[in-house]
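Beneath this line is the structure, given in structure tokens, with notes to follow.
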Amino acid sequence: MRLTVLVVLAVLQLCSPVFLSDLQLQQISQVEEGQDASSNPRLNPQLEDVVPDLDIHSPPRLTEISDLELQVPDSLLMYGENANLKWVKWEGSLPNGAVGIYNGYTERHDYICKVNCQAGFYTTTKGSFCQYPYADKEYSSSEFEVLVNVDDFEFLEWIDGKYGAVPQHSVETCPGTEIYVGKNKYGLGKVVTQHEAFFLPWEGDEYWYKQYQVLAINRDSYTQHISHVEYAIDRIELFNHPPEALQLARVTNLECNSVKKTVLLEKTSTVEKTWNIGRESRNSSTTMTAKVPILNPDSVDFTKEQTVSFSEGTTLVESISHSISVELLVPPNHYCGVRMDGRKMTADIPFTGRLSRTYHNGDTHWTTITGTYDGVKVGEVNAVVERCQPVPDAIPCNTSESD
């Protein structure tokens, strides 16, 4: 068995010099030492389930972000409807809303941080550094980001996990990495699904455990209410678009006498009013108490304060019917066209407000929001009569039959 494995690995190495990584070379070493190569070779068995020694103080390796050589996406806003949860660059002091725990094992407060996509912890007793686990070692960096829950608005919870499993809506450090914020009874670290374990940075080493807790966003149903809306009237942008044909009609007269005809043009258009609050609103019902803008060709008015309910997101859709009657005099063997034109108006109005969110457990959280009102309206509906045209190949009228 040992000879067969060595031969296969040797052939692969000859075929592609870069194919064999340190991981695979470690597999060769494990086979030579009689270890089971089917187990995860990245996990050092000497670092499994270690009870950290509080009396050992080994300084971690100091590193800069570039040492990990990872491509890191913009992680300021990466949690969709949970826009108040974000990674904030360390600027020398702990930002308001930093997410942390009280570590009962070390009797101190630790806060969630990351270097590139490697989750770890920050604590005041260790200076302005993020301690994080990576490749069997604990590292420390002065360039890092802190996980912040602005206004403590998002509903976060720790959920039990094991063997790399994570619950739905777990807090991932970077999109697509499958590295998640985790903890156990000894402190904060990372859960890596690929390696089926939780990793804890501790005094120079990276300990790993098969049982842990994962930080997750609770997205169960909730209700939202928008209030205290203030529009920035001095920053209104109002647009009047060119006229568009809303409805067309044609009257054809094949008689040999002129005919009077009344044409009724009807059209139902939709009016959309959207209060963009910078986040999705799924799995929730939202109401709002505010003044509603009224678009005019040259200005914007506002209704009195009223309460509206949104069936989906934060958009109101209303139907408005337009109707115009036109009387036409159509000459013999002619047709006349008439159309209804409407001019669309749109408006962008910045606003601020307060958003409250009540979760299924009865807790209500508040936060300040900034957004933009986007309104669309069809106004200035007009009837346009087109010039009458002869009917092609019409049967000619005798002189005695025509007017």
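For reference, each letter of the sequence shown is one residue, going -20 to -1, 1 to 383 in mature numbering (1 follows the signal peptide of the UniProt record, and there is no 0). Note that CB positions come from ideal geometry on N, CA and C, so glycine has one too. Quantities reported herein were computed from a predicted structural model and do not represent experimental measurements.
Using the C-alpha atoms, what's the distance from N233 back to V297?
-> 41 Å
How long is the line joining the alpha carbons of M(-20) and H175, rounded to whole angstroms?
Unreliable placement is indicated for M(-20), whose pLDDT of 41 sits below 50; the coordinate value is still reported in the next sentence. Near 25 Å, if we compare the C-alpha coordinates of H175 and M(-20).
Excluding the five sequence neighbours on either side, which residues of its own chain have a C-beta within less than 6 Å of the C-beta of T153, listed in chain order? K94, C97, A99, I159
Counting Cβ pairs closer than 8 Å, one from the region 144 to 153 and one from the region 192 to 200, do we hit at least three? yes
Residue environment, K284, which counts as buried when at least 16 other CB atoms sit within 10 Å | exposed
- Item | Anticipated Cβ contact below 8 Å, V68 with V126, distance rounded | 5 Å
(Q) Going by C-alpha to C-alpha distance, which of D321, L335, G333 sits closest to V365? (A) D321
### Query
Considering only C-alpha positions, which residue in the set M58, V318, I213 is nearest to P274?
Looking at the sequence itself, residue 274 is Ile, so the reference to Pro does not match. For I274, the nearest C-alpha among the options comes from I213.
- Item | Opposing strand residues paired with A229 [DSSP bridges] | V318
Limits of the beta strand (DSSP E) - the one that R88 falls within: 88 to 95
Q) DSSP three-state call for R199: helix, strand or coil? A) coil
_When you compare the CB positions of R323 and H221, do they come within less than 9 Å of one another, or not?_
yes
| field | Environment of P25 [buried if 16+ CB atoms lie within 10 Å] | value | exposed
Original post:
To the nearest angstrom, how far is it from the Cα of E137 to the Cα of G84?
Top reply: 18 Å
Checklist entry - Thinking just about the alpha-carbon of each residue, which of E217, T203, F101 is nearest to the one in N276? => result E217
Quiz prompt | Cβ contact check for the region 347 to 359 and the region 308 to 319: 3 or more pairs under 8 Å | solution = no
* **Residue environment, A115, which counts as buried when at least 16 other CB atoms sit within 10 Å** => exposed
Member of Y315, T254, A374 whose CA lies at the smallest distance from the CA of P330:
T254
Alpha carbons only, please: which of C368, R88, L23 is nearest the one belonging to R230? C368
query = Whose C-alpha, out of V209, D140, Q286, is nearest the C-alpha of A177?
reply = D140
Check: Apart from the five residues just before and just after E28, which ones in its own chain have a Cβ nearer than 7 Å to its Cβ?
Finding: W188
- Proximity to V243 [Cα-Cα], best of I304, V361, Y59: I304
Exercise for the section: Using only alpha-carbon positions, find the residue among L74, A225, R259 that is nearest to T105. Expected result: L74
Q: Rank Y202, C377, V30 by C-alpha distance to the C-alpha of N237 and give the top, closest one.
A: C377
- Item | Rounded straight-line distance, which links the Cα of K163 to that of S279 | 56 Å
If you draw a straight line from the C-alpha of Q51 to the C-alpha of K247, how long is it? Annotation note: pLDDT 44 at Q51 (below 50); position unreliable, coordinate value reported separately. Computed Cα separation, rounded: 53 Å.
For K117, which residues of its own chain have a beta-carbon under 7 Å away from its beta-carbon, when the five flanking residues on both sides are left out?
-> R41, G184, D185, E186
* To do: Identify, in the order they occur along the chain, each residue of the same chain with its Cβ nearer than 6 Å to the Cβ of V272, setting aside the five sequence neighbours on each side.
  => T283
Problem - Sequence-distant residues of the same chain with beta carbon closer than 6 Å to V172, five excluded per side - result: I159
> In three-state DSSP terms, what is P273?
Replying inline: strand
Review point. Based on Cα-Cα distance, which residue from A78, E71, A327, N64 lies nearest to Y211?
Key: A327
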